[in-house]
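First up is the structure itself, then whatever we jot down about it.
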Amino acid sequence: MTLDTLAPAASDGCDRELAMSSGHHIAVIGAGIVGAMVALVLLRDGHQITLMEPGEPGGEQAASFGNGAWLSPASVVPMSTPGLWKKLPGYLSDADGPLVIRWSALPGLLPWLLRFLWAGHSVARVEATARALSALLKDAPQRHLQHAATAGVADLVVQHGLLYLYPDRAAFQAEALSWRLRRDNGVQWTELEGPALRELLPDVDPRYGLGIRVAAGGHCLDPGAYVAALVRQAEAEGARVVRARATGFVFEGARLAAVRTDQGEVACGRAVIAAGIASAALARQLGDRIPLASERGYHVVLAKAPVRLSLPVMPSDGKMAMTPTRGGLRVAGQVELAAVSAAPDWRRAELLARFARRMFPALSGDAGAEAGADAGADAGGIAGVEAASPTSRWLGHRPSTPDGLPVIGPSLAHPDVLHAFGHGHVGLAAAPATAELVADLLAGRSPAIDPQPYRPGRF
Ligand SMILES: Cc1cc2nc3c(=O)[nH]c(=O)nc-3n(C[C@H](O)[C@H](O)[C@H](O)COP(=O)(O)OP(=O)(O)OC[C@H]3O[C@@H](n4cnc5c(N)ncnc54)[C@H](O)[C@@H]3O)c2cc1C
32 MTLDTLAPAA SDGCDRELAM SSGHHIAVIG AGIVGAMVAL VLLRDGHQIT
82 LMEPGEPGGE QAASFGNGAW LSPASVVPMS TPGLWKKLPG YLSDADGPLV
132 IRWSALPGLL PWLLRFLWAG HSVARVEATA RALSALLKDA PQRHLQHAAT
182 AGVADLVVQH GLLYLYPDRA AFQAEALSWR LRRDNGVQWT ELEGPALREL
232 LPDVDPRYGL GIRVAAGGHC LDPGAYVAAL VRQAEAEGAR VVRARATGFV
282 FEGARLAAVR TDQGEVACGR AVIAAGIASA ALARQLGDRI PLASERGYHV
332 VLAKAPVRLS LPVMPSDGKM AMTPTRGGLR VAGQVELAAV SAAPDWRRAE
382 LLARFARRMF PALSGDAGAE AGADAGADAG GIAGVEAASP TSRWLGHRPS
432 TPDGLPVIGP SLAHPDVLHA FGHGHVGLAA APATAELVAD LLAGRSPAID
482 PQPYRPGRF
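For the sequence shown, counting from 1, position 282 maps to 313 in the numbering used here; every step adds exactly one.
So this is what it looks like as structure tokens:
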């Protein structure tokens with residue numbers, strides 16, 4: 032594929048403020064959910080867009096492909112909370128837990144880990160993080176419903192609510208801080224016990240006695256296909272999509288002139304880095320040292336799970352998303368702190384499958400045929416019948432900053448390049464609001480969301 036050779040950047044010679052408010056040629060680097068949303072929103076602001084991606088948009092290489100598919104306004108609780116440090120030795124030794132750290136990766140990860148622990152050292156700090164996450168998440172389902180409809184894939188996003196499952200009230204109360212943070216940020220829920228819970232989840236193991244339903248939550252039925260559709264929509268609205276890997280930047284004086292790729296240079300006046308876990312290396316070329324680690328996660332899909340499930344569920348004792356998707360029951364979770372390049376440890380995927388079997392006994396055998404016999408085919412999520420062994424498994428990289436917040440805003444040394452990465456556990460949900468913030472910043476408008484918490488210079 033031939034790319035444009037270098038041409039003068041659109042903003043050359045312009046007054047900077049004026050340039051910021053007029054249309055630009057903007058290179059968006061990476062076509063995961065964040066890059067796809069950024070491209071779409073910038074197009075609608077009148078910019079000319081080149082979206083560069085070395086893989087298939089929404090393909091398996093992207094975290095956006097295999098995530099838990101939750102679009103949750105309730106995902107405001109950061110991973111690092113007070114007291115977490117006490118649990119770290121356990122995480123290092125319990126190979127079957129939801130969080131593991133590979134010993135070999137520990138020395139390299141230590142600076143990130145220390146910042147991670149510090150980010151959760153006080154309740155006040157965690158409250159601030161929750162507020163900043165909420166600003167990106169609170170309208171996530173509505174925003175996605177709208178984007179999906181415009182892209183012609185309205186059937187891929189639904190708002191059936193989300194359910195957190197607890198064995199009992201004591202287990203729920205043990206997470207009082209999390210629920211207080213959610214309540215403080217406007218999340219509402221209803222409690223379901225006894226017959227009401229059984230009616231909603233007829234196949235769940237009886238050890239779960241309490242469900243907390245967040246009705247405002249939504250989910251995506253096929254995140255990979257959704258990203259692909261958004262990229263097709265961007266193309267239909269005028270974006271140029273090129274199969275290329277960004278490798279660097281070309282400046283003329285202080286101004287960006289082009290993005291260098293493995294296929295040639297793309298002339299542009301602005302660029303947005305939205306390359307997921309690969310973003311930090313690109314940012315570093317600009318002189319920005321952003322601590323970004325991969326919280327590696329896994330999924331398994333049980334294509335014909337004999338389980339009636341009309342909404343996504345998260346068990347408190349498993350900390351994984353069980354989501355009814357177009358491909359079947361997707362079980363996504365695990366945090367494995369290890370090098371990006373380290374080989375997958377598929378035992379982690381098997382842990383997810385094993386937990387799912389414990390949670391839904393029908394997955395373990397005979398009960399399945401009976402439960403599955405009743406299962407309809409609601410695209411919102413009743414998975415069908417038959418076998419319950421994983422039909423696919425996947426490893427992906429959550430692009431995570433130690434403070435649990437994404438990096439959104441201009442590069443410190445080269446403000447023609449904006450960062451839009453580091454969304455960790457919430458990138459699918461937070462992508463539309465991120466894109467709007469990027470658009471506001473590029474247009475020089477007063478942003479609807481306060482950009483301060485996400486500024487690249489905070490590290
Ligand atoms: C197991 C798991 C469960 C999750 N569950 C949820 C959930 O339920 N809800 C939620 O909101 N989030 C969830 N997440 C997090 C979410 O998936 C990520 O935060 C989000 O997908 C990040 O999107 P992204 O576009 O920044 O990165 P990615 O999706 O990784 O996309 C980056 C793209 O950039 C491309 N790229 C890389 N290098 C270059 C380069 N040099 N030039 C050009 N392109 C490049 C890549 O090929 C890739 O396609 C989960 C993640 C995991 C792993």
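Note that beta-carbon positions come from the ideal geometry of N, C-alpha and C, so glycine has one too.
Short of 6 Å in beta carbon distance, which residues of its chain neighbour residue i, apart from the five on each side in sequence? Order them along the chain.
i      : result
Gly26  : In the structure as shown, the chain starts at 32 and stops at 490, and residue 26 therefore has no counterpart that could be examined.
Gly349 : Phe386
Val366 : Leu130, Glu326
Glu417 : With a pLDDT of only 42 at Glu417, under the threshold of 50, the placement of this residue in the model should not be trusted; the figure read from the coordinates follows. Within the same chain, Glu417 has close Cβ partners Lys335.
Ala402 : Annotation note: pLDDT 37 at Ala402 (below 50); position unreliable, coordinate value reported separately. Closer than 6 Å at the Cβ level, and outside the excluded window around Ala402, lie Asp234, Pro337, Ala393.
Ala202 : Ser347
Arg489 : none
If you compare alpha carbons, which of the options is closest to residue i?
i      : options                        : result
Arg146 : Asn216, Arg276, Ile321         : Ile321
Ala444 : Pro198, Phe282, Ala373, Leu194 : Phe282
Leu102 : Glu222, Ala161, Gly192         : Gly192
Ala105 : His55, Arg211, Arg327, Lys335  : Arg211
Ala285 : Ala470, Leu119, Pro446, Thr354 : Pro446
Ala302 : Gly99, Gln483, Leu472, Leu119  : Leu472
Leu176 : Ala163, Pro430, Gln190         : Gln190
Ile60  : Ala314, Tyr195, Asp199         : Ala314
Gly269 : Glu381, Leu74, Gly488, Gly295  : Leu74
Thr432 : Met351, Arg361, Val297, Ser310 : Ser310
Ala136 : Glu326, Arg339, Leu340         : Glu326
Ala179 : Ala393, Ala207, Ala67          : Ala67
Glu381 : Ala373, Gly364, Leu368         : Gly364
Pro375 : Gly328, Arg357, Pro355         : Gly328
Arg213 : Leu164, Leu241, Ala227         : Leu164
Asp170 : Val362, Gly97, Val218, Val154  : Val218
Ala159 : Glu84, Asn216, Leu231          : Asn216
Ala207 : Ala227, His78, Asp434, Val154  : Val154
Ser395 : Val184, Ala373, Pro421         : Pro421
Leu119 : Ala62, Asp434, Leu141          : Leu141
Tyr197 : Gln204, Tyr239, Glu230         : Tyr239
Trp134 : Leu123, Gly128, Trp143         : Leu123
Gly183 : Ala267, Arg378, Gly128, Leu228 : Ala267
Can residue i and residue j be called in contact, C-beta distance under 8 Å?
i      : j      : result
Arg276 : Asp293 : yes
Cys299 : Ala289 : yes
Gly307 : His428 : yes
Ile243 : Glu224 : no
Val69  : Ala305 : yes
Val108 : Ala161 : yes
Leu459 : Ile132 : no
Ser209 : Val332 : no
Val273 : Pro88  : no
Pro430 : Ala166 : no
Val457 : Leu148 : no
Pro437 : Ala461 : yes
Thr181 : Gln264 : yes
Leu383 : His454 : no
Leu194 : Val344 : yes
Val297 : Ala58  : yes
Ile480 : Ala466 : no
Val188 : Gly249 : yes
Met351 : Leu360 : no
Val262 : Leu82  : yes
Please list, in chain order, all residues of the same chain as residue i whose beta carbon is under 7 Å from its beta carbon, the five residues on each side excluded.
i      : result
Arg389 : Asp236
Arg486 : Gly440
Leu317 : Phe280, Ser442, Ala444, His445, Val448
Gly151 : Pro109, Ser111, Thr112, Pro113, Leu115, Val157
Pro482 : Ile439, Gly440, Leu468, Leu472
Arg200 : Leu241
Thr278 : Arg291, Thr292, Asp293
Phe452 : Val65, Ile304, Ala305, Ala306, Gly307, Ser310, Pro430, Pro437, Val438
Arg379 : Tyr329, Gln365, Glu367
Could you tell me whether any Cβ in chain D is nearer than 8 Å to the Cβ of residue i?
i      : result
Ala470 : Protein chains in the displayed structure number just one, and chain D is not present.
Starting from the C-beta of residue i, find all residues in its chain whose C-beta is less than 8 Å away, skip the five residues before and the five after it, and write them out in chain order.
i      : result
Ser477 : Asp471
Gly139 : Ala370
Thr33  : Bear in mind that a pLDDT of 37 at Thr33, under 50, signals an unreliable position, so the number given afterwards is only what the model happens to contain. The answer, listed in chain order, is Gln294, Gly295.
His55  : Ala41, Ser42, His78, Gln79, Cys299, Gly300, Arg301, Leu473
Lys117 : none
Mind listing, in chain order, the continuous beta strand (DSSP E) runs of no fewer than 3 residues lying wholly within the segment 359 to 384?
If only complete runs of 3 or more residues are kept, the segment 359 to 384 shows the beta strand (DSSP E) at 359 to 368, in order along the chain.
Taking only runs that begin and end inside the segment 229 to 301, name each unbroken alpha helix (DSSP H) of 4 or more residues, in chain order.
Along the segment 229 to 301, the alpha helix (DSSP H) occurs as fully enclosed runs of 4 or more residues at 254 to 267, listed in sequence order.
Kindly provide the ranges of any beta strand (DSSP E) runs that are 3 or more residues long and lie completely inside the segment 58 to 88, ordered along the chain.
Listed in chain order, they are 79 to 83.
Just list the alpha helix (DSSP H) runs in the segment 79 to 137, keeping only unbroken ones of 4 residues or longer that don't cross its boundaries, in chain order.
When DSSP assignments are scanned along the segment 79 to 137, the uninterrupted stretches of alpha helix (DSSP H) that are 4 or more residues long and fall wholly within it turn out to be 94 to 97, 115 to 124.
Ranges of the alpha helix (DSSP H) found wholly within the segment 155 to 239, counting only runs of at least 4
171 to 181, 200 to 204, 207 to 215, 225 to 231, all fully within the segment 155 to 239.
Residue ranges of each beta strand (DSSP E) run of no fewer than 3 residues wholly in the segment 430 to 485, ordered along the chain?
Here the runs fully enclosed are 438 to 441, 448 to 452.
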